[in-house]
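Structure, as structure tokens:
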Amino acid sequence: PEDVKDKSTKVLIGNYLKVFESFLVEALKSEGQSLFIFPDLISLHFNFEKYKNILKDKLGIYSRLLSLGERQNLVEESYKGNIEIVFTTPSGCFIPFENLNSIFLFEDQAPSYTQIKFPYINYLLVSYLRAKYLNINFKLLSSVPKITNYYFFIKTQDLKSFSYKEEEKKVY
Numbered sequence: 003p004e005d006v007k008d009k010s011t012k013v014l015i016g017n018y019l020k021v022f023e024s025f026l027v028e029a030l031k032s033e034g035q036s037l038f039i040f041p042d043l044i045s046l047h048f049n050f051e052k053y054k055n056i057l058k059d060k061l062g063i064y065s066r067l068l069s070l071g072e073r074q075n076l077v078e079e080s081y082k083g084n085i086e087i088v089f090t091t092p093s094g095c096f097i098p099f100e101n102l103n104s105i106f107l108f109e110d111q112a113p114s115y116t117q118i119k120f121p122y123i124n125y126l127l128v129s130y131l132r133a134k135y136l137n138i139n140f141k142l143l144s145s146v147p148k149i150t151n152y153y154f155f156i157k158t159q160d161l162k163s164f165s166y167k168e169e170e171k172k173v174y
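According to our numbering, the residues represented by the sequence shown are 3 to 174, in order.
The following block contains the structure:
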């Protein structure tokens with residue numbers, strides 16, 4: 003829509019460690035909440051441990067390693083708008099938010115984004131469609147983009163940038 007010029011889909015190629023902190027800054031400056039989706043538990047917990055002391059009450063984590071009570075608490079707090087940033091694995095794309103503003107998804111080529119057992123779910127597509135439906139920012143950062151995702155974004159003409167070099171100037 004013409005009335006929404008600042009909301010976009012961006013696909014960036016490169017090492018996400020270089021760009022990750024700029025995404026965090028963007029999320030903190032935004033008026034709403036942000037969802038950061040990591041492909042696996044290792045990168046999820048690594049990044050959570052790295053930033054939990056800095057972001058304190060603004061950051062939450064949703065992981066299958068948490069107890070059911072802890073996961074329920076995060077869902078309730080995010081729905082109330084009390085948590086600004088949530089780090090999660092692909093299944094966390096369904097977490098309800100009071101005021102979701104951005105979805106950041108990392109390393110789309112990971113097999114964890116596609117569930118091959120019933121129910122068959124493509125978490126990348128669910129996250130992307132959620133962003134489009136809510137008219138919020140969606141950013142995909144990948145060191146080695148999956149070719150099918152590249153062509154999907156080209157086909158939908160929703161690809162704003164697919165060059166890490168171009169985006170590098172804007173991000174730093």
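Even for Gly, the Cβ is constructed at its ideal location relative to N, Cα and C. As the structure is a computational prediction, the values presented were derived from the model and not from experiment.
For F48, the enclosing alpha helix (DSSP H) starts and ends at 43–57.
In the same chain as G94, and ignoring 5 residues on each side of it, the C-beta atoms closer than 6 Å to its own belong to Y64, in chain order.
The residues T90, T91, P92, G94, C95, I105, F106, L107, F108, Y125, S129, in chain order, have a CB closer than 8 Å to that of I39 in the same chain once the five nearest residues on each side in sequence are set aside. I85 is a Cβ neighbour of L76, given a cutoff of 8 Å. The beta carbon of F50 sits closer than 6 Å to those of I63, F89, all from its chain and outside the five residues before and after it, given in chain order. Going by beta carbons, E100 and G83 fall inside the 8 Å limit.
Every unbroken stretch of the beta strand (DSSP E) spanning 3 or more residues and falling wholly within the stretch 58–143 is given here in chain order: 61–64, 87–90, 102–108. If the five residues before and after A112 are omitted, its C-beta is found closer than 6 Å to the C-beta atoms of P41, all from its own chain and listed in chain order.
Residues V88, I105 of the same chain have their beta carbon placed closer than 6 Å to that of L37, with the five preceding and five following residues left out of the count. DSSP places S32 in no beta strand (DSSP E); its state is neither H nor E. In this structure, the alpha-carbon of I44 lies about 24 Å from that of Y122. Each of L127, R66, K58 was checked against the Cα of L46, and the nearest Cα belongs to R66.
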